[in-house]
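Here's the structure, in structure tokens; my notes come after.
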Amino acid sequence: MSQVVLLGTVGSDVHSVANTLLEKALDDSGLKVHNLGVAVPEHEWLSVATYLRPDLVLIGSMNGDLVPLHNVIRKLIEIMPAHRILIGGKLNLGSEGISNAPFIKAMGVGVLQNDEVSFQEIISHCRLLLAEKNGFDFQRIQDAR
Amino acid sequence: MVLISKEFKMQDSSTRYATGKTLIQPRGGRTTEFRQKMLWDALIEAGCDLLPLTIDSKTRLGQIEFASSAYENSKISGLESLNGFPLLSVEISSARELISSAKLPVSLRHGTPYAYDLISRAIDLGVSEIEGGPLSYSLPYSRDSDLVKVINSWKESEICCRNASELVIRETFGILTACLVPPVIAIMVNVLECAFIDTFSSGIPMASFGATGSPYQDVATIQAFREIYPWFRERMGLTESTTLIAYHHWMGPFPKDRKLAEEIISTGTYLARITKSNKVVTKTIDEALGVPTDKTNANGVRLTKAVLSGDHDALNVFIDEGKSQEETEVLIHECKLQLEKLLDKTPNVSQMLLDSVQSGLIDPPFAPHRSCIGKLKALRAIDGSVRVTSDQPGILSEAFIKYEASFLGRKKFWKYVSSDEVKLDLQYPFVSKNDESK
């Protein structure tokens, strides 16, 4: 069975550019993508993830709407390993530019700041995580880095 | 339902436009009245002409309970937990005090598909500039909104603006997704939404365009709109009216390099000036670092003011008049052709708004809305202009698609373009601009 990557944004986040391009990039690289799109309600994330049982989840977050993001992560962790959830985007809110990345990382999920990574890097990261699911020691590679 | 009160006199912003000056309008919304007032004070000190009231994304999508709770928490803790001002959560008397204390006209900027509640509240409070429209505030800002219901909500909103105690400036949001929006789409959205506003006589229509990164194309787009709209208004049987133009600084991704960011803002301001736009909507040089602070926002106003009043020759902006003229003619021809098709089907502007989306004509790149069929793809040409290609024949004329393809080279075959290349196209085209000036 081919491995499925679930993609989307949460809550009131309607930033669709990265979402559209990432879907195309993942698709072009041969990965099977299920794109929920943007502004996906918490209940939809949970119901689709429960039904599809994705191998990876990629969530974009650009507008600082962090409460629903936290909620979705918390619920997804109950049904899949936390490190197979990747969060990308601008994880700050407010004029002081405080980053929320450490809080999200503390939940055990991966964080990819999308200003700093190319689609190729995201795909490579996804491939490593998927390979790990098939017996590859991803953690060892990460630690070595 | 909020009743329209005529007791509170609006600050008449319409008279400000009579001077012919390009007015400066920053953006910005804070979580509490106190913080909003602080922002306004900073912007006034910097020399802006209009004050922003940008609404938070929770209120925009009708999640009022969440917005209210975040607002209350912010008032207690002093920490802002929303990305804009929650107008529907603030007590009316307090919101009224805020708006009536404003020393300049206030402009509502919100991105709400079902806009009636927000607009009626804003009009009631004395807000005199209202941004948005049925398509420009739904296609880029929502996924599942029902376009028929959205249009009905905007009809009620237009009536509300018409009943305001003084003339309202009704600005569209032709910038749409702000990423590679082809001029042909921007012009048609502006034409249809201005006609919608004129149909309801809700105020002075103001079409809005955003910097695409191609100076000659931006000049051509505004020029083309100025020629197309009076023609369309006449074809619709609408009475002659003044139509204003707003020009938005670049709304795509900003570079972290502050010098380059400053160049983007200065170029945008210069273009607002030479296109005789009535208003320039500003950005800041720290845009890449996150939500701007009051200080950086005020600095954006200062920079804009300096360019508007200073020596523009210091700027490296070159506009190829021949290319701009050709572009204007092509855009006028294609837009009139497509608008004629809409007019052939119905004389009703609301129906035209729906038809334009269903036929795939209004199909902004990257728009999240389910109704957008996604057959038009936009890419940046070598000369920095934004060009459109289509997976489906018949949406735009064959001659126009061929014209656009002549700028695109191999990129006209969208399927062979990688996501990283499109990501590059989304950046401000500094290199192309230099090429253009050679």
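Sequence order for the protein chains is A and B. Counted from 1, the first sequence has number 68 at position 69 by numbering that gives the first Met the number 0; the numbering is strictly sequential. Counted from 1, the second sequence has number 206 at position 207 by numbering that gives the first Met the number 0; the numbering is strictly sequential. All C-beta atoms in this analysis are idealised placements derived from N, C-alpha and C, irrespective of residue type, glycine included.
By the criterion of Cβ-Cβ separation under 7 Å, what are the contact partners of residue i in chain A?
| i | result |
| --- | --- |
| F365/B | S15, V16 and T19 |
| S56/B | S11, N62 and D64 |
Which value, in whole angstroms, describes the spacing of the CA atoms of residue i and residue j?
| i | j | result |
| --- | --- | --- |
| L30/A | P367/B | 22 Å |
| I78/A | S405/B | 51 Å |
| V218/B | D123/B | 37 Å |
| L307/B | T268/B | 7 Å |
| L39/A | P133/B | Checking the sequence shown, residue 39/A turns out to be Val, not Leu. About 21 Å. |
| E320/B | E326/B | 10 Å |
| D116/B | V300/B | 30 Å |
| G107/A | A81/A | 5 Å |
| S94/A | I103/A | In this prediction, S94/A scores a pLDDT of 43, lower than 50, which makes its location untrustworthy; the coordinate-derived value is nonetheless stated afterwards. Cα to Cα, the separation comes out at about 20 Å. |
| P346/B | M235/B | 7 Å |
| R453/B | S384/B | Past the boundaries of the shown model lies residue 453/B; chain B is included only from 0 to 437, so the question cannot be answered. |
| D161/B | R26/B | It should be noted that the sequence gives Arg, not Asp, for residue 161/B. Their Cα atoms are separated by approximately 25 Å. |
| A245/B | R386/B | 22 Å |
| S446/B | R120/B | The requested residue 446/B is not part of the displayed model; chain B covers only 0 to 437. |
| L166/B | N277/B | 16 Å |
| L2/B | R257/B | In this predicted model, L2/B has a pLDDT of only 38, less than 50, meaning its place in the structure is not dependable enough to derive any value. |
| I86/A | T176/B | 22 Å |
| N72/B | S100/B | 24 Å |
| M0/B | P67/A | Legend: pLDDT at M0/B = 36, less than 50; position of this residue unreliable, value from coordinates given subsequently. The straight-line gap from Cα to Cα measures roughly 29 Å. |
| K102/B | H109/B | 21 Å |
| E403/B | K335/B | 17 Å |
| Y140/B | V37/A | 10 Å |
| I91/B | E130/B | 21 Å |
| F208/B | I273/B | 14 Å |
| S240/B | I203/B | 8 Å |
Using a beta-carbon distance below 8 Å, is residue i in contact with chain A?
| i | result |
| --- | --- |
| Q24/B | no |
| G131/B | no |
| L152/B | It is Ser, not Leu, that sits at residue 152/B in the sequence shown. No, S152/B does not count as interfacial toward chain A. |
| R142/B | yes |
| D424/B | no |
| E265/B | Note on identity: in this sequence residue 265/B is Ser, with Glu being the wrong assignment. Chain A, which has no Cβ nearer than 8 Å to the Cβ of S265/B, makes this no. |
| Q62/B | yes |
Run through chain A and tell me which residues come within less than 9 Å of residue i, C-beta to C-beta.
| i | result |
| --- | --- |
| D419/B | L20, A24, S117, F118 and Q119 |
Quick check: is the beta carbon of residue i nearer than 8 Å to any beta carbon in chain B?
| i | result |
| --- | --- |
| K132/A | no |
| S123/A | no |
| S11/A | yes |
| L68/A | no |
Just to check my reading of the structure: residue i and residue j have Cβ atoms closer than 8 Å, yes? What is that Cβ distance to the nearest angstrom?
| i | j | result |
| --- | --- | --- |
| C193/B | T220/B | Not quite, the Cβ-Cβ distance comes to about 14 Å (not below 8 Å), so this is no contact. |
| G28/B | P51/B | 7 Å |
| L25/A | V16/A | In fact, because the Cβ distance is near 15 Å, the residues do not count as touching under 8 Å. |
| L330/B | I158/B | About 32 Å; that fails the 8 Å criterion. |
| Y16/B | L243/B | 6 Å |
| V150/A | P53/A | Examination of residue 150/A is not possible in this model, given that chain A is present from 0 through 144 alone. |
| A260/B | I284/B | 4 Å |
| E438/B | I168/B | Absent from the model: residue 438/B. The displayed extent of chain B is 0 to 437, so no value can be given. |
| T198/B | V348/B | 5 Å |
Can you list the residues of chain A that residue i reaches, using a CB-CB cut of under 8 Å?
| i | result |
| --- | --- |
| R59/B | S11 |
Short of 9 Å Cβ to Cβ, which residues in the region 36 to 55 of chain A face chain B?
G36, V37, A38 and V39
Short of 7 Å Cβ to Cβ, which residues in the region 29 to 47 of chain B face chain A?
none
Please identify, using Cβ separations under 8 Å, the residues of the region 167 to 182 of chain B that lie next to chain A, in order along the chain.
T176 and C178
When you check each C-beta in the region 275 to 297 of chain B against every C-beta of chain A, which residues fall closer than 8 Å?
A287, L288, G289, V290, P291, T292 and D293
Selection of the region 317 to 336 of chain B by Cβ proximity to chain A, strictly under 7 Å:
none
Beta carbons nearer than 9 Å to chain A: which residues of the region 216 to 240 of chain B have them?
none
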